[in-house]
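Heads up: the structure comes next, in structure tokens.
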Amino acid sequence: MRALTSILLVVAGCGATGSNREEALRVEIEGLVAQERVQEALALADRAIEVDPDRAFGWRERTRCLVLLWEFDAALLAVDRAVELEPGDPWSHYERGYLLRQVGRDDEAVAAFTRAIELDPRHYKAYEHRGGAHLDWGRSPEALADLTRAIECWRPHDPEVREAYSLRARALMSLGRTDEALADVEHAETLRSGVR
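So the mapping is simple: my numbering equals the position in the sequence shown, first residue as 1, plus 892.
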């Protein structure tokens, strides 16, 4: 309860600028999530929305908490509001695409990923997830292009990139490029194990 009180004071003002308040709240929410106290994190996000419903920040944080609670329909409503408030934020468009995929609205998801990429041409997660959608639809050449771009945009030895390598291996296999696919699988395993 002490943490909740301290953050509400930060959100309410206490002389901090808007971005400083948001950063402090974001850190507190991440801490609660790390402790698997997602309901408390959601309550903080909701409080941020109550304090300033016309800022995208609270809506984005609400979205992230709802995703962790597997409440995709509610999360989609929250991210739609974030996109409405800040249409130039590529991460909100990416999160919208992710959620649309979760609820089976793949065409709209690809459009959201594409919008994220238009706003940030190095948005590796949007490329990865758009590539995954193409792969699911049997569009291996498009998947290969997106997944290759995702890998190019990522930090080279970040273990998170292994999913893009694994998906690209599937695309390469479907195109009959077995040797390249095996190399991607090996690289993904290297990243998973942390061995370079």
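All C-beta atoms in this analysis are idealised placements derived from N, C-alpha and C, irrespective of residue type, glycine included.
Legend entry - Residue environment, Asp1076, which counts as buried when at least 16 other CB atoms sit within 10 Å: Classification of Asp1076: buried, given that the 10 Å Cβ count is 16 or more.
Legend entry - DSSP-derived helix/strand/coil call for Leu917: Helix.
Legend entry - Local conformation of Asp965 per DSSP, three classes: In this structure, Asp965 counts as helix in the three-state DSSP scheme.
Inset, instruction - Give every residue of the same chain whose Cβ lies closer than 7 Å to the Cβ of Gly1024, excluding the five residues on either side of it in the sequence, and list them in chain order. - result: Only Leu1059 meet the Cβ criterion.
Legend entry - Cβ contact check for the segment 937 to 955 and the segment 966 to 977: 3 or more pairs under 8 Å: Yes, they touch.
Inset, instruction - Taking only the alpha-carbon atoms, compute the straight-line gap between Ala970 and Gln931 and give it to the nearest angstrom. - result: If you take the alpha carbons of Ala970 and Gln931, they lie about 16 Å apart.
Inset, instruction - State the DSSP-derived secondary structure class of Asp1038, mapped to helix, strand or coil. - result: Helix.
Inset, instruction - Find the nearest neighbour of Trp983 within the set Arg1062, Asp1012, Ala966 and Ala940, judged by alpha-carbon distance. - result: It is Asp1012.
Legend entry - Neighbour-count burial assignment, Val995, 16 or more Cβ in a 10 Å radius: Per the 10 Å Cβ criterion, exposed.
Inset, instruction - Output the boundary residues of the alpha helix (DSSP H) element that contains Trp951. - result: DSSP places Trp951 in the uninterrupted alpha helix (DSSP H) bounded by Ala948 to Leu960.
Inset, instruction - Assign Ser898 to buried or exposed, taking buried as 16 or more other Cβ atoms, counted over all protein chains shown, within 10 Å of its Cβ. - result: Low confidence applies to Ser898: its pLDDT is 35, below 50, so where it sits in the model is not reliable, and the reading given next is rough at best. Exposed, by the Cβ-count rule.
Legend entry - Opening and closing residue of the alpha helix (DSSP H) in which Glu987 lies: For Glu987, the enclosing alpha helix (DSSP H) covers residues Pro982 to Gln994.
Inset, instruction - Excluding the 5 residues preceding and the 5 following Cys906 in the sequence, name in chain order all residues of the same chain whose CB lies nearer than 7 Å to its CB. - result: Since pLDDT at Cys906 reaches only 32, below the 50 mark, its modelled position is unreliable, and the value read off the structure follows with that caveat. Once the five neighbours on either side are set aside, Cys906 has no close Cβ partner at all.
Inset, instruction - For Asp1028, name the three-state secondary structure that DSSP assigns. - result: In the structure shown, Asp1028 sits in a helix (DSSP, three-state: H, G or I).
Inset, instruction - Give me the Cα-Cα distance between Glu922 and Leu992, rounded to the nearest whole angstrom. - result: The straight-line gap separating the alpha-carbon atoms of Glu922 and Leu992 is approximately 24 Å.
Inset, instruction - Note down the Cα distance separating Asp1028 from Ala916, rounded to an integer number of angstroms. - result: The straight-line gap from Cα to Cα measures roughly 39 Å.
Inset, instruction - Note down the Cα distance separating Trp1046 from Leu958, rounded to an integer number of angstroms. - result: A straight line joining the alpha-carbon of Trp1046 with that of Leu958 spans about 26 Å.
Inset, instruction - Could you check if Val903 is buried or exposed, using at least 16 other CB atoms within 10 Å of its CB as the buried criterion? - result: Unreliable placement is indicated for Val903, whose pLDDT of 33 sits below 50; the coordinate value is still reported in the next sentence. Buried, since its Cβ has 16 or more Cβ neighbours within 10 Å.
Legend entry - Chain-order list of residues whose beta-carbon lies under 7 Å from that of Arg1007 (same chain, five-residue window excluded): Closer than 7 Å at the Cβ level, and outside the excluded window around Arg1007, lie His985.
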